[in-house]
Amino acid sequence: VIHVLSGASEGNRKPQYKIFVNDIAVATLAPLIALGLYACGFEKHALPIGLLSANIIGAFTLMGLAAKQFPNMPWFTKKSLDKVLFRYALPLGFSEVVISLLLRMDLWMVLLFLGPGYAGVYALMVTISNGLRTISLSYAPILLPVVAGMKPERYSKDLKGTYSYCVALVTLI
């Protein structure tokens, strides 16, 4: 529900709804709810219940926002799904599920063979390394035009500072 309604809001030129609900509200509410549940004595299941609760709140919030954006949209239809569209969409949906599983297969294997503690550490390290890779790939489009416009005699004195500036700027962003 969150994915579909966020996409509908973006398509309707309201990306702020997706950003607010997905990136801010759900991400903020999940740990807050989990901490509240933990304080109330639900130590073992506080985090998954907090995450589920935050996503449910986000889904209902997006449903309300979608009702305002699309006042004449029916939530349920009596028409059946077109067979040609279904045959087209079925392999696409299957490939999305398989891709999602394959992208996380390494984490599932670490969880299966080594346990949740090691899987948590591994997930954190993968997240950090993916972030660093994204940062390093992000400053190349900024750096290349700047270096291409430099005169060769400036390479020895200005290249290090320019490179450091680009890295710092992208990292800050």
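If you read the sequence shown in this note's numbering, its first letter stands for residue 1459, the second for the next number, and so on. Virtual Cβ for every residue (Gly too), placed ideally from N, Cα, C. Just so we're clear, the structure is a prediction, and the values are computed from it rather than from any experiment.
Cutoff 8 Å: residue i Cβ touching any chain B Cβ
i	result
L1560	The chain inventory of the structure shown lacks chain B, comprising one protein chain alone.
Residue burial classification, residue i (beta-carbon count within 10 angstroms, cutoff 16)
i	result
A1497	exposed
V1484	buried
A1606	exposed
A1626	exposed
A1524	buried
I1557	exposed
G1499	exposed
G1508	buried
L1464	As written in the sequence, residue 1464 is Ser, which differs from the Leu given in the question. Per the 10 Å Cβ criterion, buried.
A1504	buried
K1476	buried
S1587	exposed
A1547	exposed
S1622	exposed
S1467	buried
I1482	exposed
Inter-residue CB distance, residue i and residue j (contact presumed, cutoff 8 Å)
i	j	result
V1479	M1521	Not quite, the Cβ-Cβ distance comes to about 10 Å (not below 8 Å), so this is no contact.
C1624	L1590	That belief does not hold up - the Cβ atoms of C1624 and L1590 are roughly 15 Å apart, past 8 Å.
A1577	V1568	5 Å
V1604	T1592	With a Cβ gap of about 20 Å, V1604 and T1592 do not count as contacting.
Inset, instruction - Evaluate the contact criterion for the stretch 1487-1494 versus the stretch 1508-1519: three or more CB pairs, one atom per stretch, below 8 Å. - result: yes
Legend entry - Entirely enclosed alpha helix (DSSP H) segments - the stretch 1462-1549, minimum 4 residues: 1473-1476, 1485-1497 and 1504-1527
Inset, instruction - Counting only runs of 4+ residues fully inside the stretch 1570-1608, write out the alpha helix (DSSP H) ranges in chain order. - result: 1574-1596 and 1598-1606
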